[in-house]
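Colleague: Note that my numbering has the sequence shown beginning at -10, numbered continuously upward.
Submitted below is the structure of interest, expressed as structure tokens.
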Amino acid sequence: FMGDTGSLALGGIIAVLAIMLRKELLIPILCGIFLVENLSVVMQVSWFKYTKRKYGTGRRIFLMSPLHHHYQMKGYAEPKIVQRFFIVGIMLAIFTIVTLKI
């Protein structure tokens, strides 16, 4: 639930640090949550357009995209969604740090 200003700044900082450390290939792991959120939108739009062409009416994979809105529509509270995404983000960050050591 971060706005454009915060998410763009965070993405820029992560990209600059990865380039400085010459570990550009770790960006998808570190930014796993952001990547999944973006992929959920691409999947939703692509699937909707495909099914609209094939069946005449568009069908959806998620109730709503990006993914965090799908969980909201399922009835999960906003703090719980943020907490779960935070935990996954921390796990991905730890994995990235461990990989940096190798």
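Ideal placement from N, C-alpha and C gives every residue a C-beta, glycine not left out.
Owing to the predicted nature of the structure, the values given are computational and were not obtained by experimental measurement.
Determine the direct distance from the alpha carbon of Glu67 to that of Lys12, and round the result to whole angstroms.
Modeller: Whole-angstrom Cα-Cα distance: 33 Å.
Colleague: Would you tell me roughly how many angstroms separate the C-alpha atoms of Ile8 and Ile16, rounded to the nearest one?
Modeller: Whole-angstrom Cα-Cα distance: 10 Å.
Colleague: Using alpha carbons as the reference points, say which of Met80, Phe23, Gly45, Ile79 lies closest to Leu54.
Modeller: It should be noted that the sequence gives Ser, not Leu, for residue 54. Of Met80, Phe23, Gly45, Ile79, the residue nearest in Cα terms is Phe23.
Colleague: Less than 8 Å between the C-beta atoms of Val25 and Leu(-3), yes or no?
Modeller: No. Outside cutoff.
Colleague: Measuring straight from C-alpha to C-alpha, what distance separates Phe84 and Tyr44?
Modeller: Taking the straight line from one Cα to the other gives about 43 Å.
Colleague: Could you give the residue range of the alpha helix (DSSP H) that holds Gly0?
Modeller: Where Gly0 is concerned, the enclosing alpha helix (DSSP H) stretches over -7 to 9.
Colleague: Out of Arg42, Cys20, Thr46, Leu52, state which residue places its alpha-carbon closest to the alpha-carbon of Gln33.
Modeller: Answer by Cα proximity: Leu52.
Colleague: Please report the Cβ distance between Ile2 and Leu81, rounded to the nearest whole angstrom; I am assuming they are in contact, meaning their Cβ atoms lie under 8 Å.
Modeller: Their Cβ separation, rounded to whole angstroms, is 16 Å, which puts Ile2 and Leu81 out of contact at 8 Å.
Colleague: Could you give the DSSP three-state label for Arg49: helix, strand or coil?
Modeller: If DSSP states are grouped into helix, strand and coil, Arg49 belongs with coil.
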